[in-house]
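In the working numbering, the protein residues as written are 79 to 387.
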């Protein structure tokens, strides 16, 4: 059932939210930097009903979306606020399109743009924690949306029923995740396979050298250069006390529990294309690490100048 909700939001509040989050350093001319108080109202756009300003310093025109990825799109402030919210809450593109009164392709295109930008903003620095856990999961992600030549071979029949481990080639790309026990922050990346080197590289990049690393018994972790303890799931071992203090510190329960959250986040999409999986993972990583979206992050996400070389 469709339930359009854009008319339930107050336009002035949405406009103020966009000013605060898209232009945290101040709303004004993108060319010379003059504030909006040094501009005059030039006209109002027909479709978006946005005020267009003309700068008195350089004669440049601009509006609320200038300098952001939305500047070429005819969306209202209400639609933009709800679109960003829906992307980070994990609503499907089909549901968002119905609620916002937009086409599915428009929503999907903007979602992929936001995903790509989130992926570019993912931190490449190591987690500072003295203890961390690393694990991997395998997500069914094929070629959703690609045209298939055989009309008698529908998607549900072609669905990947392969259990267990996989690779990008057999449409079960691995996601490697590391969580710091002190901060609770995570680093998640999609890799092509889980042979030794991709996992070793992940651990080397996203943990500090002095960390105590906990993993399962996978041989792919044997060559990590860290203090390393493993828990042997194949022998029904889930947690172990190595130092005799009564606390079973050797486990990967924290990072394994986070995979449930990842699957729940992906479930409403009813499958994602493997080429776009890393974007969904990036959005979920920020959900976990930030907890609450802030103006600095939103501005970095939508500002065109953030990604210009």
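Positions of the beta carbon are idealized from the N, C-alpha and C atoms, including for glycine.
Note that the structure is predicted; figures quoted are calculated from it, not measured.
Within 10 angstroms of the beta-carbon of residue 153 lie 16 or more other beta-carbons, which makes it buried. Under DSSP, no beta-bridge partner is assigned to residue 302. Here residue 140 carries a strand assignment [DSSP, helix/strand/coil]. It is roughly 8 Å from the alpha-carbon of residue 373 to the alpha-carbon of residue 101. Here the alpha carbons of residue 93 and residue 111 stand approximately 20 Å from one another. According to DSSP, residue 133 shares a beta bridge with 117. The beta carbons of residue 129 and residue 122 sit closer together than 7 Å.
The C-beta distance from residue 301 to residue 367 rounds to 28 Å, too long to fall under 8 Å, and the pair is not in contact.
Only residues of its own chain outside the window of five on either side were considered, and among them 209 and 305 have a CB closer than 6 Å to the CB of residue 290, listed in chain order. If you draw a straight line from the Cα of residue 113 to the Cα of residue 106, it comes to about 4 Å.
A direct Cα-Cα distance of roughly 7 Å separates residue 259 from residue 207. Rounded to whole angstroms, the gap between the alpha carbons of residue 117 and residue 155 is 21 Å. Here residue 293 is actually not in contact with residue 271; their C-beta atoms are around 17 Å apart, not less than 8 Å. Within 10 angstroms of the beta-carbon of residue 187 lie fewer than 16 other beta-carbons, which makes it exposed. Between residue 285 and residue 201, the beta carbon gap of about 13 Å keeps them out of contact (Cβ cut-off 8 Å). If you ignore the 5 residues before and after residue 172, its C-beta comes within less than 7 Å of the C-beta of 182, all in its own chain and listed in chain order.
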